[in-house]
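This report concerns only the one structure given below.
In our numbering, the protein residues as written are 21 to 358.
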C-alpha cells in the first residue's frame, strides 16, 4: 500500500498559488499521431482518432482539443526516430520526437504571442526507449499499444472497442498529469488517479473523486461555474456512449439528470418512483424537495431546488428568531424572581 496520503484540496491550492499558476482559460491541446498518415474520414483510423479527440475534449472541457498532422512524424521518417530494442524489437526515441514537436508547433514555450497556453500530446504506436519526464509539461508523448494494427482494420470490432477504451483511459490520465498537473497519488476515494498499488485491487474507474474534481475545476477555471461543470458531464456522457462504456455513460447521465432535472438525450434516467436513485439514498433533501415542488409532472431544476432550500432555511430562521423573542422576557423574569 501507499506510504503517504495524497495532497488535500487545501494543500493543492497552496501549491497552485505558491507557484504563481493561473487557470488554463482558453488553453489549447494539440493531438499529433506518430507513424501514421492522414486518411479519408470514412476509414477506421479517422473514426478511432476522432473518438479519442472527442473524449479529450470532454475530459478537459473547457480546454480546446484539436487533431493535427506532421509530415516529419509520418511513416517515412519513423526510421530516423526508432532504435532497436531487445524486448520490443523497436523503441521510440522520445527526446527526438519532443524536440521535433517543439520546433514544428512552436511548443518550446507554453504561451504563444497572444497569451494562449498551448500543449502538444503525441500518440505513439511504439514503446519508449527511456521513460519520459513525468509531471506538467507543454510537450509530451504517450504510448498506445496496438495502434498501427487497429487503425488498419476494415471496421470496428470488439477488440478495437476494448483497445479504444484503454487508449482513452491512458491518454486521459496522461493529460490530467501533463496538462492539468494532477498526479496518480489520490488516496482519498475510489478515483481514476489512485496509485497503482491501490488501483490494481479494484476495477478501473472512469471518474475523478470529489477531491480531484475540485482540483481539476481550480486549474481549468471552473470553480463556482456550474454551467461549465454540467456541460463537461454532458460531453462526457456522449463520449462514453460512443466509446461503448455504457456503465460510465449512464452514471454521468444520472448525475446530470439529478442536478438539472432533465435527462441527457439518448440516456434513460435510472429512477424509482419518479426520483433519481443515487446509490440507494432516496431520502436525500434534494429528492424530498423535488417531491414537494413538482408541478405539471416536470422535474425542477437545480436552481429551483436551491431557491426552495433557501426559502425553507429562511422560514426556520424566522421561526427560531420568533421563539427566542417570546422566551427572552420569560427567561429574564424567571431570573429576577429567583
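C-beta: ideal position from N, C-alpha, C; glycine also.
Computed from a predicted structure; not experimentally measured.
>> Whole angstroms are fine: how far does the CA of residue 272 sit from the CA of residue 162?
In response: 26 angstroms
>> I need the DSSP call for residue 209, collapsed to helix, strand or coil.
In response: coil
> Excluding the five sequence neighbours on either side, which residues of its own chain have a C-beta within less than 6 angstroms of the C-beta of residue 139, listed in chain order?
Replying inline: 49, 158, 199
> Which class does residue 203 belong to by DSSP, given the choice of helix, strand or coil?
Replying inline: coil
>> Beta-carbon within less than 6 angstroms of residue 94's beta-carbon, same chain only, minus the 5 sequence neighbours each way: which residues are those?
In response: 57
> Do you know how far the Cα of residue 202 is from the Cα of residue 236?
Replying inline: Between residue 236 and residue 202, the C-alpha separation is close to 8 angstroms.
> In terms of DSSP beta bridges, what is residue 161 paired with?
Replying inline: Its beta-bridge partners are 142.
> Does DSSP put residue 148 in a helix, a strand or coil?
Replying inline: Residue state, collapsed to three classes: strand.
> Considering only residues of the same chain and omitting the five flanking positions on each side of residue 121, which have a CB-CB separation below 7 angstroms?
Replying inline: Sequence-distant partners of residue 121 (beyond 5 residues in either direction) whose C-beta falls short of 7 angstroms from its own C-beta, in its chain, are 52, 127, 140, 142, 159.
>> Using the three-state DSSP reduction, which class does residue 103 fall into: helix, strand or coil?
In response: strand
> Would residue 349 be called buried (16 or more neighbouring beta carbons within 10 Å of its own) or exposed?
Replying inline: exposed
> So, using beta-carbon positions, are residue 12 and residue 43 closer together than 8 angstroms?
Replying inline: Because the chain is modelled from 21 through 358, residue 12 falls outside the range shown and cannot be assessed.
> Excluding sequence positions up to five away, which residues of its chain have a Cβ less than 6 angstroms from the Cβ of residue 294?
Replying inline: Interpretation of residue 294 is limited by its pLDDT of 31, a score under 50 that renders its predicted location unreliable; the figure taken from the coordinates is listed afterwards. No residues qualify anywhere along the chain.
>> Quick check: does the Cβ of residue 161 come within less than 7 angstroms of any heavy atom belonging to the ligand SAM?
In response: The ligand SAM is absent from the structure shown, which contains no ligand whatsoever.
> Counting pairs of beta carbons, one from the region 74-90 and one from the region 239-248, are three or more of them closer than 8 angstroms?
Replying inline: They touch, by the three-pair rule.
> Just reading off the alpha helix (DSSP H) that residue 86 is part of, what are its end residues?
Replying inline: No alpha helix (DSSP H) holds residue 86; the beta strand (DSSP E) holding it covers 84-87.
> By Cβ distance below 7 angstroms, which residues in the same chain neighbour residue 65 in space, the five residues on each side in sequence not counted?
Replying inline: 56, 59, 171
>> Distance check for residue 258 and residue 276, CA to CA, integer angstroms please.
In response: 12 angstroms
>> Which residues does DSSP list as the beta-bridge partners of residue 112?
In response: 102, 148
> Under a three-way DSSP split, which group does residue 72 fall into?
Replying inline: In this structure, residue 72 counts as helix in the three-state DSSP scheme.
> Taking Cβ to Cβ, would you say residue 75 is nearer than 8 angstroms to residue 192?
Replying inline: Taking 8 angstroms as the Cβ cut-off, residue 75 and residue 192 qualify as a contacting pair.
> For residue 224, which residues of its own chain have a beta-carbon under 7 angstroms away from its beta-carbon, when the five flanking residues on both sides are left out?
Replying inline: 189
> Based on Cα-Cα distance, which residue from 144, 212, 166 lies nearest to residue 233?
Replying inline: 212
> residue 280 by DSSP, collapsed to three states: which one?
Replying inline: It is helical.
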